Every structure is written in structure tokens, then in C-alpha cells.
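Numbering (my numbering), first residue to last: 1317 to 1402.
Ideal Cβ positions, reconstructed from N, Cα and C, are used throughout, including at glycine.
Just so you know, these numbers come straight off a predicted model, no measurement behind them.
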Amino acid sequence: CPNEALIDNFVQILSRAVYYNRAQRQAEQILLMEERATIARELHDSLAQALSYLKIQVALLKRSVKNLPDEKAIAQANQVIAELDT
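What follows is the structure in C-alpha cells.
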């Protein structure tokens, strides 16, 4: 029957369209996940760098506080605290 062959062809075309649509959505999802992973790595790296810098600053502050008058020590401590707030 010619109608049956036409229906079979139509079903195959629809099946392929659904398959390609799902594959495209999966590819987009993978791309999004890769972008998120890249952003997370970049944030982690910049945060680690900032924390390392602050750790060094605090270590230097500890050394210098011992040798400074109280007012200068407080000013330096406030400066480090201000950097931590940003």
C-alpha cells in the first residue's frame, strides 16, 4: 500500500528529527557544563591568589607589629582588614 510506505517514511523522518534535537540539546548542555567548570577554575585560581597574598601580608604585619608603636600597628592592621573586605 503506497500510504503505508509514506507513513513509514514520515515516521523515520520524525524519529531522526527527535534524535537530532535531543543530541543538540545534550551538546548544548555539555557546552554549558564546560563553561561553568572553566569559570569555577578561574574563580578558584583568583581566590587562591588573593588569599596567598593576604596570608603573606598578615605574616609581614605580625613581624612589623612587634617593632612599631601601637598607632602604626593599628593603622597597618586596619589596612589589611580593609583589603580583606574588598
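Can you list, in chain order, the residues of its chain with a C-beta nearer than 8 Å to that of residue i? Leave out the 5 residues immediately preceding and following it.
i       : result
Leu1370 : Val1396, Glu1399 and Leu1400
Val1374 : Val1396
Is the beta carbon of residue i less than 8 Å from the beta carbon of residue j?
i       : j       : result
Leu1377 : Ala1391 : no
Short of 6 Å in beta carbon distance, which residues of its chain neighbour residue i, apart from the five on each side in sequence? Order them along the chain.
i       : result
Ser1368 : none
Asp1324 : none
Cutting at 7 Å between CB atoms, please list the residues of its own chain near residue i, excluding the five before and the five after it.
i       : result
Ser1380 : Gln1392
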